[in-house]
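These notes are about the structure you will find just below.
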Amino acid sequence: AAKGKGRNRFHYFTPEMEVLAQTRRRTLEQLREAIQRQQLEVYYQPIIDLSCGGIRKAEALLRWNHPDGQISPLQFIPLAEETGLIVEIGNWVFTEVARQSEAWARTYQVELQVSVNTSPAQYLDDHCCKPEWFEDILAQGLDPARLCVEITEGLLMEPDQTILQKLLMFRDNGVEVSLDDFGTGYSSLAYLKQFDIDYLKIDKSFVSNLSPTSHDRVLCQAIIAMAHTLGIKVIAEGVETEQQQQLLRQIDCDFAQGYFYSRPLPADQFAATWLEPDSKV
Ligand code: C2E
Ligand code: MG
Ligand code: MG
Ligand code: MG
Numbered sequence: 079a080a081k082g083k084g085r086n087r088f089h090y091f092t093p094e095m096e097v098l099a100q101t102r103r104r105t106l107e108q109l110r111e112a113i114q115r116q117q118l119e120v121y122y123q124p125i126i127d128l129s130c131g132g133i134r135k136a137e138a139l140l141r142w143n144h145p146d147g148q149i150s151p152l153q154f155i156p157l158a159e160e161t162g163l164i165v166e167i168g169n170w171v172f173t174e175v176a177r178q179s180e181a182w183a184r185t186y187q188v189e190l191q192v193s194v195n196t197s198p199a200q201y202l203d204d205h206c207c208k209p210e211w212f213e214d215i216l217a218q219g220l221d222p223a224r225l226c227v228e229i230t231e232g233l234l235m236e237p238d239q240t241i242l243q244k245l246l247m248f249r250d251n252g253v254e255v256s257l258d259d260f261g262t263g264y265s266s267l268a269y270l271k272q273f274d275i276d277y278l279k280i281d282k283s284f285v286s287n288l289s290p291t292s293h294d295r296v297l298c299q300a301i302i303a304m305a306h307t308l309g310i311k312v313i314a315e316g317v318e319t320e321q322q323q324q325l326l327r328q329i330d331c332d333f334a335q336g337y338f339y340s341r342p343l344p345a346d347q348f349a350a351t352w353l354e355p356d357s358k359v
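Take any residue in the sequence shown, count from 1 to its spot, add 78: that is its number in the working numbering.
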């Protein structure tokens with residue numbers, strides 16, 4: 079009877095699901111140890127000021143240097159979010175970015191603001207993103223003006239007061255707030271008005287279809303115009319061509335980020351390319 083059990087069609091797991099669950103458990107175990115094993119690394123991608131072509135900002139993007147090869151955050155961030163591990167990982171990212179940002183400010187005398195991606199789970203955690211927690215980050219010597227937090231529309235959908243308080247905590251400390259992947263969720267611009275957001279990032283799915291005659295051009299133009307009315311600056315993500323850059327300038331977009339300028343780079347390469355006095359800028 080035991081032998082036939084696995085074939086029972088009422089059994090919850092199919093063999094394929096069992097394999098997936100095992101892979102997931104193994105990946106999770108390895109992710110738990112990734113910090114101690116120093117397998118996590120922050121890459122940086124420049125964000126270009128379209129009015130002058132200079133760089134004042136960058137986005138911190140997490141990489142997992144797994145012994146078998148680098149794993150995309152698109153794969154491990156969701157797992158970290160489901161299991162709550164994102165709180166510890168997120169804390170590590172904040173500390174690392176604070177340390178790096180302070181070191182760059184000392185070495186290059188640049189005004190670079192680094193954006194850090196955050197997950198709703200970090201705001202739902204009891205200890206994370208509170209004033210005492212932020213003190214620890216600042217202990218790295220970081221000037222809060224050099225930090226920006228990126229949040230997703232999902233967070234604004236949470237009607238939780240403590241989340242709003244935590245967002246306000248950042249704002250009160252001089253940290254700017256950016257809304258990531260705008261257009262992929264459900265929030266409207268009118269809805270955004272209640273939240274004191276500094277930047278809105280137009281998702282790359284809209285930017286990739288930009289052409290002089292495309293619907294997405296009209297859509298981006300409308301988003302930018304309305305954002306400006308609300309006092310929000312706009313960053314276009316996923317800019318890959320000169321034509322996209324030109325169109326974004328024409329429709330008054332403030333900042334742009336994408337492979338056209340640079341892929342995300344390890345910290346030392348980023349500094350050599352973008353922060354050295356005789357670099358591109
Ligand atoms: P995101 O925050 O929307 O980041 C932008 C993504 O677009 C990055 O993918 C970046 O490498 C990619 N990208 C940049 N320019 C271009 C372009 O011109 N074309 C295309 N096709 N893609 C471009 P990445 O680095 O794989 O990160 C994926 C997502 O993982 C991020 O999306 C973010 O949601 C999440 N993530 C990354 N690091 C962290 C982190 O430290 N914490 C949290 N919570 N999430 C993170
Ligand atoms: Mg982002
Ligand atoms: Mg984004
Ligand atoms: Mg995106």
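Virtual Cβ for every residue (Gly too), placed ideally from N, Cα, C.
Of the candidates 162, 105, 251 and 171, 171 places its Cα closest to the Cα of residue 345. Counting C-beta atoms within 10 angstroms of its own C-beta, residue 124 has 16 or more neighbours from the protein chains shown and is therefore classed as buried. Set against 8 Å, the gap from the CB of residue 259 to the closest heavy atom of ligand 3 is smaller. Secondary structure of residue 175 (DSSP, three-state): helix. Nearest C-alpha to residue 140 among 151, 147, 305 and 133: 151. Under the 8 Å Cβ criterion, the stretch 141–149 does not count as touching the stretch 196–210, having fewer than three qualifying pairs. Closest option to residue 323, judged by alpha-carbon separation, among 95, 97 and 128: 128.
Under the three-state reduction of DSSP output, residue 354 falls in the coil class, being neither helix nor strand. Fully enclosed alpha helix (DSSP H) runs of no fewer than 4 residues occupy 267–270 and 282–285 of the stretch 263–302, in order along the chain. Taking 9 Å as the cut-off, the beta carbon of residue 188 is found no closer than this to the beta carbon of residue 226.
Assignment of alpha helix (DSSP H) within the stretch 165–224, counting only whole runs of 4 or more residues, yields 198–202 and 209–216 in chain order.
Exclusion of the five residues before and after residue 228 leaves 193, 195, 256 and 258 as the residues of its chain whose Cβ lies within less than 6 Å of its Cβ.
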